[in-house]
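A.B. asks:
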Amino acid sequence: MSITMRGVQRGFANIIWVGLVLIAIVLINLIAGRTINRLDLTRDQRFTLSEPSIRAAQEIEGQVKVEVFFSTNLPPQLEQSRRDINDLLAEYAAHSDGKLTYQFIDPGANEGDRARADGYDLPAWALQQSSESELSVRYVYTGAALTWDEGGQSRVEIIPQILPGMNYEYEITRAVRTLMREEGPTTLGFLYGDGGMFDQFLQMPFDPQNPQAPEQIKAELENQLGQVFDNLYQFELVDIRAGEIPDRIKGLFVVGPTAQFDEEMKRRLDQYVMKGHPVAMFVSPYRQETLQQFQQQGFPPITVPASNRTGLEELLESYGVKLNRDAIIDFQRAQVSAERQEGRMGRMRMVQWIPFLDPRLPEITNIDHASVLVPNMDLLAFPPLDRATPLSQSSLSLTAEAVQAREASQLEIIEVLRSSDSSYRFVEDDQNTYESVSLDMLERYLPTQQNPQPTIDLEQGPFSIAMTLEGEISSALPGGGGSADELDDEEDDYLSGVEEENDEEEEPAHLDRTAEGRLLVVANGYWVESLLTGQDPLMSRGTQMMLPGGLRNTVQQYRASNILFLHNIADWLAQDSDLVRIRSRGQVAFLDTAAVGPGARKFYQVFNIAGIPAIFCVLGVLGYFIRRTRRARITQLYSSGK
Amino acid sequence: MMRTLYITQRELKNYFTSATAYIVVTLFLLIAGGLFWLDYFQAATTELSMRSFFGQAPFFMAFFVPAVTMGLLSEERRSGTLEMLMTLPVRDVEVVLGKFFAALGLVAVVLLVTFSYPITLAGLGALEWGPVIGGYLGLLLLGATYAGVGVMVSSWTKDQIISILLSFFFCFLLFILGALANVSSGWFGDFLRFLSTSSHFENIARGVIDLRDLLYYLSVAALGITVATVTLSARRW
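Protein chains in written order, with our numbering: chain A, 201 to 842; chain B, 74 to 310.
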């Protein structure tokens with residue numbers, strides 16, 4: 201084979217051609233790498249800046265510099281986080297009209313950058329990395345510092361750790377908004393003096409060797425609450441016994457009260473509501489009671505369920521919400537139910553109760569997305585009050601007056617959370633009191649495959665677990681007075697000098713109603729306590745060890761949703777629905793597999809795994825026979841000589 | 074263009090009249106579908122998404138697409154029909170593009186068949202379609218990239234076994250470059266990450282169609298097609 205001159209020329213031209221294509225490809229990719237052009241197909245546009253974030257970027261006054269301290273050579277998920285943060289910051293910068301600038305810094309590259317990251321209190325965290333032969337730990341930075349400067353003033357906000365799965369937009373917008381706020385964060389309150397969790401903490405020093413004064417403990421608790429809520433709000437513990445709830449408290453949490461509210465305490469809370477301040481109440485008709493006699497004898501504390509009547513029930517009822525003395529039971533949540541032969545005893549029914557995934561923990565699958573508290577959330581479940589009692593989750597209902605007010609458009613009522621359709625309600629009455637209800641008793645009612653309905657006559661759900669009331673709310677207590685709006689008018693008159701100077705030593709005016717009442721009632725307080733104390737039974741080592749692998753993820757999903765719900769409540773109390781909207785983006789929809797019957801599950805699996813390939817093959821075989829028949833016909837046609 | 078279309082039609086017809094396509098497609102559907110659906114209802118609650126399918130499918134595509142492309146040009150060379158094809162009034166690039174689109178067409182058919190998965194999920198709850206569409210588009214682009222590589226390798230040899238092994242090697246290499254990038258440092262690590270098909274797919278499968286990812290996939294496919302065209306042209310030297 202000889203190589204001709206023409207062949208050499210053509211070969212050379214081809215090599216040049218491939219080289220040019222390669223250069224063009226590299227150039228196009230390089231140029232494209234510097235611009236962000238993308239289409240976000242997600243339901244809530246979660247990878248694109250939302251309207252509140254764009255507004256925050258546009259409203260920047262002064263200059264915000266974002267330094268992202270991000271180590272290099274990180275695992276793919278973290279590299280994806282770097283890219284996401286970079287894309288978001290680029291959008292921010294574009295909308296801020298040059299008022300927000302950003303840069304990425306690798307703190308591993310030089311000592312000065314590392315010192316700067318440390319100066320911002322950005323933590324270096326241990327990342328385990330495995331190479332071919334060894335497992336090593338490396339300290340990396342994945343945080344950001346936002347510095348605001350204007351007219352010699354400066355403030356700094358940090359995002360300590362940027363990790364995969366975080367809502368980056370929320371973190372950046374939160375930080376930018378905090379930087380822009382001159383008056384400091386909004387103050388929210390947690391009530392104490394009501395027999396709830398804070399009373400216990402304030403009576404109990406953190407370190408028995410080094411007891412602190414109650415004021416110190418209180419300050420420490422308030423600081424810790426701030427950290428739980430990302431320091432977005434300032435928190436104050438408010439003693440309901442001490443006096444009026446101050447107006448600087450913009451919203452109030454009432455978590456798991458167990459003490460009896462006297463008339464004065466009720467009045468203070470009622471008047472706080474009447475002033476139009478939002479209140480979130482987490483209440484239960486049952487509580488845990490520690491048996492003192494055992495503890496005195498040196499045994500570990502034993503808790504039993506007890507009735508919980510605080511007087512808040514009457515207050516709530518007058519506002520329109522009735523706290524029912526019942527227990528919601530979700531029989532579909534008994535994870536394992538089986539029968540086996542037990543010698544001469546005959547067939548024994550064996551039921552396995554998996555902690556926290558049992559009938560006492562009804563799944564909350566009926567969620568009203570119209571509420572700003574739960575946009576995009578599909579599944580919640582609160583942990584039970586106590587291991588021994590089925591009385592954990594109670595229900596709420598509306599009074600006839602509240603229904604009328606809703607129909608008259610005076611009150612907007614949203615049943616935010618409702619239990620699943622497969623839940624039942626065990627109502628306390630003369631025969632069945634809370635003391636008589638036990639897990640053993642529930643076990644007898646457990647549906648079987650032969651009899652899928654419970655064997656007792658129980659009312660079937662869904663039942664309301666959380667409700668919001670917004671609008672015209674009347675005072676629960678008698679007293680002649682005006683409304684919050686009239687009080688505002690009086691204040692305005694005073695400011696304009698119209699008010700005459702005859703109102704010295706005035707009693708605090710009793711407000712009969714408010715047109716801007718905001719009330720959230722959740723018929724379970726224990727879940728908030730467990731999240732705030734960090735003693736979440738869902739995450740305890742015992743629970744995690746007892747749960748099968750797949751269910752561990754489920755429990756973690758519940759916890760993540762519960763935390764999100766709690767944070768949204770804080771934003772709702774502070775009347776900052778923008779943050780709720782940003783935070784709630786990217787919530788993944790979950791499927792309650794228990795709701796899909798075993799037959800349906802099998803069908804979906806068989807159809808998709810075997811059915812689809814089978815149909816594909818059958819079509820192929822059919823095609824083959826059609827071709828063979830056609831071929832045979834043609835052969836026959838030509839061989840017959842026609 | 075018409076000639077390219079004609080070659081594509083002829084190749085697609087060849088696929089569906091031979092047993093090879095049915096075996097390869099059925100195996101892909103059984104394995105990818107089995108891994109997705111057998112696990113799906115295990116937990117008490119499960120994410121209503123195709124995330125786990127899109128997590129595994131790129132790996133199977135690295136095997137599946139080379140099996141589809143292995144005979145595209147190498148079989149023509151082995152059987153001597155390539156010489157006949159060269160004598161026809163058709164340009165080399167049209168031949169290569171025709172074969173490339175045929176392979177991509179088969180990939181599209183397979184992906185279309187797996188569309189019963191999201192339809193099933195949508196019947197169970199409020200499935201978010203954005204990431205599903207992104208994931209399928211990502212798989213199609215991944216298929217285009219691997220088909221480009223497959224056509225390129227197929228143009229180098231007349232042995233189908235060598236063709237599938239080499240294609241698989243390149244496709245798998247592109248797939249695991251992302252993992253290799255994690256043990257490399259500096260610009261080299263970033264470069265490897267950019268070359269990796271998996272890092273681009275992760276982004277697109279979230280439901281974000283980014284021009285950078287689109288250009289990457291199209292670039293690799295274009296490079297494969299160019300090299301295959303040049304290889305065919307070299308036969309005329």
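C-beta atoms are modelled at their ideal positions from N, C-alpha and C, and glycine is treated no differently. The model shown is predicted, which means the values in this text are computed figures rather than measured ones.
Sorted by chain position, which residues of the same chain lie with C-beta nearer than 7 Å to Phe331/B's C-beta, five sequence neighbours on each side aside?
C.D. replies: There is simply no residue 331/B to check, as chain B begins at 74 and stops at 310 in what is shown.
A.B. asks: Which of the three DSSP states is assigned to Ile567/A in this structure?
C.D. replies: As a working mapping, residue 567/A is identified with position 367 in the first sequence. The answer is strand: DSSP assigns Ile567/A an E or B state.
A.B. asks: I want to see whether chain A comes within less than 9 Å of Phe243/B, judged by CB atoms only; does it?
C.D. replies: If you number the second sequence from 1, residue 243/B lands on position 170. No, because no Cβ of chain A sits closer than 9 Å to the Cβ of Phe243/B.
A.B. asks: How close, in whole Å, do the beta carbons of Ala307/B and Leu146/B come, if the pair is a contact with beta carbons under 8 Å?
C.D. replies: Stepping through the second sequence from its first residue, residue 307/B is reached at position 234. Stepping through the second sequence from its first residue, residue 146/B is reached at position 73. No, Ala307/B and Leu146/B are not in contact; Cβ-Cβ is about 12 Å, not under 8 Å.
A.B. asks: For the candidate residues Asp530/A, Val574/A, Glu612/A and Glu517/A, whose alpha-carbon lies nearest to that of Gly661/A?
C.D. replies: As a first step, residue 661/A is located in the first sequence; it is residue number 461 there, counting from the start. It is Asp530/A.
A.B. asks: Could you tell me which chain B residues have their CB closer than 8 Å to the CB of Ala774/A, listed as they occur along the chain?
C.D. replies: As a working mapping, residue 774/A is identified with position 574 in the first sequence. Here the premise fails: no neighbours, minimum Cβ distance about 29 Å.
A.B. asks: Report the rounded CA-to-CA distance for Gly498/A versus Gln492/A, giving the unit in angstroms.
C.D. replies: If you number the first sequence from 1, residue 498/A lands on position 298. If you number the first sequence from 1, residue 492/A lands on position 292. So the alpha carbons of these two residues sit roughly 10 Å apart.
A.B. asks: Which chain A residues are close to Asp283/B, counting only those with a beta carbon under 7 Å from its beta carbon?
C.D. replies: Indexing the second sequence from 1 puts residue 283/B at position 210. Simply Arg238.
A.B. asks: Given this structure, state the Cα-to-Cα distance separating Phe398/A from Gln604/A, to the nearest angstrom.
C.D. replies: If you number the first sequence from 1, residue 398/A lands on position 198. If you number the first sequence from 1, residue 604/A lands on position 404. Distance between the alpha carbons of Phe398/A and Gln604/A is about 37 Å.
A.B. asks: To be precise: take each residue of the region 152–173 of chain B, compare its Cβ to all Cβ atoms of chain A, and keep it if any distance is under 7 Å. Which residues remain?
C.D. replies: Under the 7 Å Cβ criterion, the region 152–173 of chain B contributes no residue.
A.B. asks: Just to check my reading of the structure: Leu288/B and Asn229/A have Cβ atoms closer than 8 Å, yes? What is that Cβ distance to the nearest angstrom?
C.D. replies: Position 215 of the second sequence, counted from the start, is the residue given in the question as residue 288/B. Position 29 of the first sequence, counted from the start, is the residue given in the question as residue 229/A. Indeed they touch by this definition, with Cβ atoms about 6 Å apart.
A.B. asks: Would you call the CB atoms of Ala181/B and Leu213/B closer than 9 Å?
C.D. replies: Position 108 of the second sequence, counted from the first residue, corresponds to residue 181/B. Position 140 of the second sequence, counted from the first residue, corresponds to residue 213/B. Yes, Cβ-Cβ distance for Ala181/B and Leu213/B is below 9 Å.
A.B. asks: At least one CB of chain A closer than 9 Å to the CB of Glu84/B: is that the case?
C.D. replies: Against the second sequence, residue 84/B aligns to sequence position 11. Output row for Glu84/B: interface = no.
A.B. asks: Please compile the residues from chain A whose C-beta is within a distance smaller than 8 Å of the C-beta of Gly106/B.
C.D. replies: For this step, residue 106/B is matched to residue 33 along the second sequence. Under the 8 Å cutoff, chain A gives Asn808, Ile809, Ile812 and Pro813.
A.B. asks: Starting from Gly671/A, trace the beta strand (DSSP E) both ways and give me its first and last residue.
C.D. replies: Your numbering for residue 671/A matches position 471 in the first sequence. Gly671/A -> beta strand (DSSP E) spans Ser664 to Ser674.
A.B. asks: Answer yes or no: does any C-beta atom of chain A fall closer than 9 Å to that of Ser240/B?
C.D. replies: Position 167 of the second sequence, counting from 1, holds the residue named residue 240/B. No, Ser240/B does not count as interfacial toward chain A.
A.B. asks: Based on DSSP bridge pairs, tell me the residues matched to Asp349/A.
C.D. replies: On the first sequence, position 149 is the one that residue 349/A refers to. Asp349/A is bridged to Gln263/A and Ser354/A.
A.B. asks: Would you mind telling me which residues of chain B sit closer than 8 Å to Glu659/A, beta carbon to beta carbon, in chain order?
C.D. replies: Walking along the first sequence from the start, residue 659/A turns up at place 459. In chain order: nothing, as chain B lies at least about 24 Å away.
A.B. asks: Show which residues of chain B have a CB atom less than 8 Å away from the CB atom of Gln805/A.
C.D. replies: Looking up residue 805/A in the first sequence gives position 605. Within 8 Å Cβ-Cβ: Trp110, Leu111, Tyr113 and Phe114.
A.B. asks: Going by DSSP, what residues sit across from Tyr302/A in a beta bridge?
C.D. replies: Mapped onto the first sequence, residue 302/A falls at position 102. DSSP lists Val266/A as partners of Tyr302/A.
A.B. asks: Near Ala94/B, which residues of its chain fall below 8 Å by C-beta distance, leaving aside the five closest residues on each side in sequence?
C.D. replies: On the second sequence, residue 94/B is found 21 positions in, with the first residue counted as 1. Taken in chain order, the residues that qualify are Tyr88, Val141 and Leu179.
A.B. asks: Quick check: is the beta carbon of Arg266/B nearer than 9 Å to any beta carbon in chain A?
C.D. replies: Position 193 of the second sequence, counting from 1, holds the residue named residue 266/B. Closer than 9 Å: yes.
A.B. asks: Determine whether the Cβ of Ala344/A lies closer than 9 Å to any Cβ atom of chain B.
C.D. replies: The residue you call residue 344/A lines up with position 144 of the first sequence. Judged by the 9 Å Cβ criterion, Ala344/A is not in contact with chain B.
A.B. asks: Runs of 4 residues minimum, wholly inside the region 460–524 of chain A: which ones carry the alpha helix (DSSP H) assignment?
C.D. replies: List check, alpha helix (DSSP H) in window: 463–474, 492–496 and 512–519.
A.B. asks: Do the region 260–269 of chain A and the region 366–383 of chain A meet, that is, are 3 or more Cβ pairs less than 8 Å apart?
C.D. replies: Counting Cβ pairs under 8 Å, three or more are found: they touch.
A.B. asks: Check this for me: beta carbons of Ser761/A and Asp712/A, under 9 Å apart or not?
C.D. replies: Position 561 of the first sequence, counted from the first residue, corresponds to residue 761/A. Position 512 of the first sequence, counted from the first residue, corresponds to residue 712/A. Their beta carbons are not under 9 Å apart, which means Ser761/A does not touch Asp712/A by this criterion.
A.B. asks: Can you check whether the C-beta of Pro280/A is within less than 9 Å of a C-beta belonging to chain B?
C.D. replies: For the purposes of this step, residue 280/A is taken as the residue at position 80 of the first sequence. Reading off the sequence shown, one finds Gln at residue 280/A, where the question assumed Pro. Output row for Gln280/A: interface = yes.
A.B. asks: Have a look at Ile358/A and Met366/A and give me their C-alpha separation to the nearest angstrom.
C.D. replies: One-based indexing of the first sequence puts residue 358/A at position 158. One-based indexing of the first sequence puts residue 366/A at position 166. Looking at the two C-alpha atoms, the distance is approximately 15 Å.
A.B. asks: Which partner residues does Leu658/A have in the DSSP bridge list?
C.D. replies: By one-based count along the first sequence, residue 658/A stands at place 458. Leu658/A pairs with nothing; no bridge assigned.
A.B. asks: Against chain A, which members of the region 271–295 of chain B pass a CB distance test of less than 8 Å?
C.D. replies: Of all residues in the region 271–295 of chain B, Ser271, Ser272, Glu275, Asn276, Arg279, Gly280, Val281, Ile282, Asp283, Leu284, Arg285, Leu288, Tyr289, Ser292 and Ala295 have a Cβ within less than 8 Å of some Cβ in chain A.
A.B. asks: Return the CA-CA distance between Glu148/B and Thr829/A, expressed in angstroms with no decimal places.
C.D. replies: To locate residue 148/B, count along the second sequence from 1; it is residue 75. To locate residue 829/A, count along the first sequence from 1; it is residue 629. Cα to Cα, the separation comes out at about 28 Å.
A.B. asks: Within this structure, are the beta carbons of Arg625/A and Ile502/A separated by less than 9 Å?
C.D. replies: Along the first sequence, read from residue 1 onward, the residue named residue 625/A stands at position 425. Along the first sequence, read from residue 1 onward, the residue named residue 502/A stands at position 302. Contact: no.
A.B. asks: At a Cβ threshold of 9 Å, is Ile228/A touching chain B?
C.D. replies: For the purposes of this step, residue 228/A is taken as residue 28 along the first sequence, with counting starting at 1. So yes, Ile228/A belongs to the interface.
A.B. asks: Of all the residues that make up the region 215–241 of chain B, which are near chain A by a beta-carbon distance shorter than 7 Å?
C.D. replies: The region 215–241 of chain B vs chain A, Cβ under 7 Å: nothing.
A.B. asks: From Leu239/A, Ala324/A, Pro307/A and Glu628/A, pick the residue whose C-alpha is nearest to that of Asp526/A; which is it?
C.D. replies: To locate residue 526/A, count along the first sequence from 1; it is residue 326. Answer by Cα proximity: Glu628/A.
A.B. asks: Who does Trp229/B pair with in a DSSP beta bridge?
C.D. replies: Along the second sequence, read from residue 1 onward, the residue named residue 229/B stands at position 156. Looking at the DSSP assignment, Trp229/B forms no beta bridge with any residue, so it has no partner.
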